[in-house]
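Engineer:
Numbering (the numbering used here), first residue to last: 52 to 442.
1. Let me know the secondary structure DSSP gives residue 246 once reduced to three states.
2. Express the C-alpha separation of residue 317 and residue 339 in angstroms, rounding to a whole number.
3. Could I get the ranges of all uninterrupted beta strand (DSSP E) runs contained in the segment 308 to 391, with 3 residues as the minimum, in chain order?
4. Exposed or buried, which one is residue 102 when buried takes at least 16 other CB atoms within 10 Å?
5. Taking residue 260 as the reference, give the member of 234, 277, 243 and 320 with the closest Cα.
6. Please classify residue 408 as buried or exposed, where buried requires at least 16 neighbouring CB atoms within 10 angstroms.
7. For a minimum of 3 consecutive residues, which ranges assigned as the beta strand (DSSP E) are wholly contained in the segment 120 to 199?
8. How about the segment 282 to 300 and the segment 205 to 219: do they share at least three Cβ pairs that are nearer than 8 Å?
9. I need the straight-line Cα distance from residue 100 to residue 385, nearest angstrom please.
10. How would you write the range of the beta strand (DSSP E) that residue 272 sits in, first residue to last?
11. Starting from residue 427 and walking both ways along the alpha helix (DSSP H), at which residues does that stretch end?
12. Smallest Cα separation from residue 311: which of 265, 347, 321 and 345?
13. Which of the three DSSP states is assigned to residue 118 in this structure?
14. Rounded to whole angstroms, what is the Cα-Cα separation between residue 242 and residue 194?
15. Whole angstroms is fine: what's the gap from residue 239's alpha carbon to residue 197's?
16. Which residues in the same chain have their Cβ closer than 7 Å to the Cβ of residue 330, if we skip the five residues on either side of it in sequence?
17. Pair every Cβ in the segment 169 to 183 with every Cβ in the segment 143 to 161, then say whether three or more of these pairs are closer than 8 Å.
18. DSSP has residue 203 in a bridge; who is on the other side?
19. Given residue 115, which residues of its chain have a CB within under 8 Å of its CB, disregarding the five upstream and five downstream residues?
20. What does residue 107 pair with, by DSSP beta-bridge criteria?
21. Taking 8 Å as the threshold, find out whether the segment 200 to 211 comes into contact with the segment 386 to 397 through three or more Cβ pairs.
22. Mind the definition here: the segment 358 to 365 touches the segment 297 to 316 only if three or more C-beta pairs lie below 8 Å; say whether that holds.
23. If we ignore side chains and look at the alpha-carbon of each, how far apart do residue 420 and residue 97 end up?
24. So, for residue 358: in the same chain, excluding its five sequence neighbours on each side, which residues have a beta-carbon less than 6 Å away from its beta-carbon?
25. Using a threshold of 9 Å, state whether the C-beta atoms of residue 306 and residue 279 are closer than that.
26. For residue 261, list the residues DSSP reports as bridge partners.
27. Give every residue of the same chain whose Cβ lies closer than 7 Å to the Cβ of residue 162, excluding the five residues on either side of it in the sequence, and list them in chain order.
28. From the DSSP output, in three-state form, read off residue 305 for me.
29. Please state the DSSP three-state secondary structure of residue 98.
30. Quick check on residue 355: buried or exposed, where buried means 16 or more other Cβ atoms within 10 Å of its Cβ?
31. Whose CA, out of 133, 412, 134 and 127, lies closest to the CA of residue 112?
32. For residue 373, which residues in the same chain have their Cβ closer than 7 Å to its Cβ, ignoring the five residues on either side in sequence?
33. In terms of residues, what are the limits of the beta strand (DSSP E) holding residue 211?
34. Leaving out the 5 sequence neighbours to the left and right, which residues in its chain are closer than 8 Å to residue 125 when beta-carbon positions are compared?
35. Taking the C-alpha atoms as reference points, what is the distance between residue 377 and residue 286?
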């Protein structure tokens with residue numbers, strides 16, 4: 052049985068440790084002793100065996116199958132409400148999906164702000180974990196760039212953050228259409244029109260700046276999105292586009308990529324601060340915890356990979372779990388409780404297949420274990436193995 056999902060936990064501690072760095076710079080005998088002592092103090096949910104985690108993932112998969120089965124049982128009376136996990140079933144939806152088997156639940160999806168009588172569908176789901184909000188979506192197709200930017204201007208405030216966790220092509224296959232200006236030679240992308248809408252929505256995306264951040268291994272694009280419609284005139288908003296390319300589909304980041312991913316989570320949260328509360332959102336805050344806490348809870352970050360479930364779900368889960376860890380909400384977790392399992396279960400109730408693979412599920416435990424130990428050692432005044440993110 053899955054543990055019952057909770058709205059919150061208790062107190063905490065942790066930061067980041069890179070396994071690759073630990074191998075490159077072996078800790079002293081004293082550090083190894085402290086590391087062993089710290090490991091013995093890990094909460095029960097971070098001391099589970101691989102077999103334990105495998106069995107829990109199998110339970111999650113069965114839960115998902117049951118939900119999808121429930122979603123096929125539409126009411127006989129069209130006026131009755133749809134089941135919680137019902138799926139949409141029409142040709143317009145299928146045409147807009149990148150993959151045949153991945154889509155939002157009908158009862159929990161982003162609806163484009165368009166006139167009645169035309170399709171408001173985009174393959175995107177609003178996600179809420181505690182007070183933290185996200186939008187998990189598939190990588191845009193060439194035919195859905197218009198829909199993507201309708202969602203950006205309709206659901207987000209400026210400055211907005213979009214996290215892209217896939218390359219446009221992997222293993223010779225398109226994983227995501229290039230929906231953003233590429234470089235200084237291609238500084239402007241015209242948002243293509245969609246003939247089925249007659250609201251006059253049009254616009255362009257201008258590249259203001261592009262930098263490669265070595266710490267997060269991410270291309271950071273600052274973009275100006277300018278749009279207009281027949282009714283409300285023009286609108287302009289700033290979007291920070293973060294492209295992390297160190298995460299192959301179905302796999303997990305290892306070594307330096309793992310450390311970079313944790314730093315990317317911090318960066319995305321920091322860039323998502325309200326403009327009025329931070330004159331330089333790109334500067335480091337005084338702590339990792341502050342960066343996570345001060346992110347704008349009213350302005351969801353858009354997170355996507357290719358399908359918008361595996362890498363995207365893992366990123367969102369880590370962002371939320373790290374916020375619990377670094378704000379003291381994972382101390383004194385009961386021996387029967389597993390906040391990682393509960394988080395993945397909550398995600399899958401909001402969007403199918405989130406944290407798609409068993410490797411991604413186990414990755415959450417690996418990272419959280421590293422973070423817990425690193426922060427614990429830092430709290431105790433010892434050097435952290437592999438270098439911890441400052442908490």
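Beta carbons: idealized from backbone N, C-alpha and C, even for Gly.
Structural biologist: So, from the listed chains and residues:
1. Position 195 of the chain shown holds residue 246. It is coil, neither helix nor strand.
2. Along the chain shown, read from residue 1 onward, the residue named residue 339 stands at position 288. Along the chain shown, read from residue 1 onward, the residue named residue 317 stands at position 266. CA-CA distance, residue 339 to residue 317, rounds to 7 Å.
3. For the segment 308 to 391, whole beta strand (DSSP E) runs of length 3 or above, ordered along the chain, are 352 to 355.
4. As a position in the chain shown, residue 102 is number 51, starting the count at 1. Burial call: exposed.
5. For the purposes of this step, residue 260 is taken as residue 209 along the chain shown, with counting starting at 1. Looking at the Cα atoms, 234 is the closest of the given residues.
6. Numbered from its first residue, the chain shown carries residue 408 at position 357. So residue 408 counts as buried.
7. Within the segment 120 to 199, the complete beta strand (DSSP E) runs of at least 3 residues are 175 to 180 and 183 to 188.
8. Contact holds: three or more Cβ-Cβ distances are below 8 Å.
9. Mapped onto the chain shown, residue 100 falls at position 49. Mapped onto the chain shown, residue 385 falls at position 334. Computed Cα separation, rounded: 17 Å.
10. Mapped onto the chain shown, residue 272 falls at position 221. Residue 272: member of the beta strand (DSSP E) spanning 269 to 280, first to last residue.
11. In the chain shown, the residue the question calls residue 427 occupies position 376. Where residue 427 is concerned, the enclosing alpha helix (DSSP H) stretches over 409 to 430.
12. Stepping through the chain shown from its first residue, residue 311 is reached at position 260. Minimum Cα distance to residue 311 is reached at 265.
13. The count along the chain shown starts at 1 and reaches residue 118 at position 67. Looking at residue 118 - three-state DSSP - the assignment turns out to be helix.
14. Sequence index remark: in the chain shown, residue 242 carries index 191 (1-based). Sequence index remark: in the chain shown, residue 194 carries index 143 (1-based). If you draw a straight line from the Cα of residue 242 to the Cα of residue 194, it is about 11 Å long.
15. On the chain shown, residue 239 is found 188 positions in, with the first residue counted as 1. On the chain shown, residue 197 is found 146 positions in, with the first residue counted as 1. Answer to the nearest angstrom: the Cα atoms are 15 Å apart.
16. Your numbering for residue 330 matches position 279 in the chain shown. Low confidence applies here, because residue 330 scores a pLDDT of 43, under 50, leaving its location unreliable; read the following figure in that light. So the list is empty, once near-sequence residues are dropped.
17. Touching, yes.
18. In the chain shown, counting from the first residue as 1, residue 203 sits at position 152. Paired residues: none, contrary to the question.
19. In the chain shown, counting from the first residue as 1, residue 115 sits at position 64. Leaving aside the five residues that flank residue 115 on each side, the residues in its chain whose CB is nearer than 8 Å to its CB run, in chain order, 399, 403 and 404.
20. On the chain shown, position 56 is the one that residue 107 refers to. Its beta-bridge partners do not exist; DSSP assigns none.
21. The segment 200 to 211 makes no contact with the segment 386 to 397; the number of CB pairs closer than 8 Å stays below 3.
22. Yes, the segment 358 to 365 is in contact with the segment 297 to 316.
23. Your numbering for residue 420 matches position 369 in the chain shown. Your numbering for residue 97 matches position 46 in the chain shown. Roughly 6 Å separates the two Cα atoms.
24. Mapped onto the chain shown, residue 358 falls at position 307. 150, 153 and 189.
25. The sequence position of residue 306 within the chain shown is 255, counting from 1. The sequence position of residue 279 within the chain shown is 228, counting from 1. Contact flag unset, no.
26. Residue mapping note: residue 261 aligns to position 210 of the chain shown, counting from 1. For residue 261, the pairing in a beta bridge is given by DSSP as 272.
27. Taking the chain shown and counting its residues from 1, one reaches residue 162 at position 111. Only 171 meet the Cβ criterion.
28. Your numbering for residue 305 matches position 254 in the chain shown. Reduced to three states, the DSSP call for residue 305 is coil.
29. As a working mapping, residue 98 is identified with position 47 in the chain shown. In the structure shown, the three-state DSSP call for residue 98 is coil.
30. On the chain shown, residue 355 is found 304 positions in, with the first residue counted as 1. Residue 355 is buried by the Cβ-count criterion.
31. Taking the first residue of the chain shown as 1, we reach residue 112 at position 61. Here the closest residue by C-alpha is 412.
32. Mapped onto the chain shown, residue 373 falls at position 322. Counting only residues of its own chain and dropping the five nearest sequence neighbours on each side, residue 373 has a CB closer than 7 Å to the CB of 316, 343 and 422.
33. Residue numbering aside, residue 211 sits at position 160 when the chain shown is read from its first letter. Looking at the DSSP string, the run of the beta strand (DSSP E) that includes residue 211 is 211 to 215.
34. Here residue 125 refers to the residue found at position 74 when the chain shown is read from its first residue. Around residue 125: 133, 134 and 137.
35. The count along the chain shown starts at 1 and reaches residue 377 at position 326. The count along the chain shown starts at 1 and reaches residue 286 at position 235. Spanning the two alpha carbons is a distance of roughly 37 Å.
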